[in-house]
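Protein chains: 2
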Amino acid sequence: MKSKFGHKIRILRGKQKLLLRELAPLLEMDTAQLSKIERGERQAKKETVLKIAKILNVNSDELVTLWLADQICEVVKDEKNALLAMMVAEESVKYLKK
Amino acid sequence: MKSKFGHKIRILRGKQKLLLRELAPLLEMDTAQLSKIERGERQAKKETVLKIAKILNVNSDELVTLWLADQICEVVKDEKNALLAMMVAEESVKYLKK
DNA sequence: ATATATTTGCCAATATATGACAAGTCATCA
DNA sequence: TGATGACTTGTCATATATTGGCAAATATAT
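Structure representation (structure tokens):
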């Protein structure tokens, strides 16, 4: 799967029986773009993520999390030390939270 | 600390008693840029990371890891679900490795 | 075949990142 | 105190990447 976020919203859109051409205008974009986002060919903006959550009536935290995870994967893809780097980054984040 | 990678190379440079104006030309950049990279004000390119490892004679994996961690931190900074997103991303990476 | 839904390819517009340079600060010391 | 050396800061033009939008192509279903 190319994009967790895209996959998720495609499923949600399907469940609610919405078409690309119906959802896209609500997000002020054209169907082609939304199609690309769903297939992970293009990244959504955070603003778009939040809008989608509202429209599809789902918890925005969940969508934002998937969307962030996609971006992290993009950063570390093909990197031998991907997992290690993520652990190092986690430590920083935990430290900053304190 | 704004950048793990930058911090690390500044330490290494210090230990080897190299000046910005000495190291920078070896990396084909000017001192201002290197200074910004060391302070995390600007991101190094991967190519630069590898070059620095060679010149400072350190293991490139370690530097690449720090550099990746910086980028991950950049992606998730200010995000409430940063840690969760990282865990989700980790799962994907682990899965892809199989 | 026709109609509808989605995908693809392309390009112009926009945004972001980069490199280069000049001027700035700061500490040291003659 | 003022000259020097190391580093930092600000700016700007340009390179690079991302985006939006459209038209055409490809499914998919009737």
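From first to last, the protein sequence lines are chains A and B. For the first sequence, my numbering begins at -5 and goes up steadily by one. For the second sequence, my numbering begins at -5 and goes up steadily by one. Just so you know, even glycine gets a beta-carbon here, dropped at the ideal spot from N, CA and C. The structure presented is a predicted model; accordingly, all values stated were derived computationally and were not measured.
Along chain B, in chain order, which residues have C-beta atoms closer than 9 Å to that of Leu62/A?
Val69, Val70, Glu73, Asn75, Ala76, Leu78, Ala79, Met80, Val82, Ala83
For Gly0/A, does the three-state DSSP call read helix, strand or coil?
helix
Anything in chain A within Cβ reach of Ile46/B, meaning under 9 Å, just list it in chain order.
In chain order: nothing, as chain A lies at least about 16 Å away.
7 Å Cβ shell around His1/B - same chain, five flanking residues per side excluded
Met(-5)
Do you know whose CA, among Cys67/A, Glu73/A, Leu20/A, lies nearest Leu44/A's CA?
Leu20/A
Rounded Cβ spacing between Val58/A and Asn75/B (contact assumed at less than 8 Å)
6 Å
Which residue comes first and which comes last in the alpha helix (DSSP H) that contains Val87/B?
76 to 91
Name the chain A residues that come within less than 9 Å of Val43/B, Cβ to Cβ?
Within chain A, no residue comes near Val43/B; the closest Cβ sits about 11 Å away, beyond 9 Å.
Answer with buried or exposed for Lys(-2)/B, where buried requires no fewer than 16 other C-beta atoms within 10 angstroms of its C-beta.
buried
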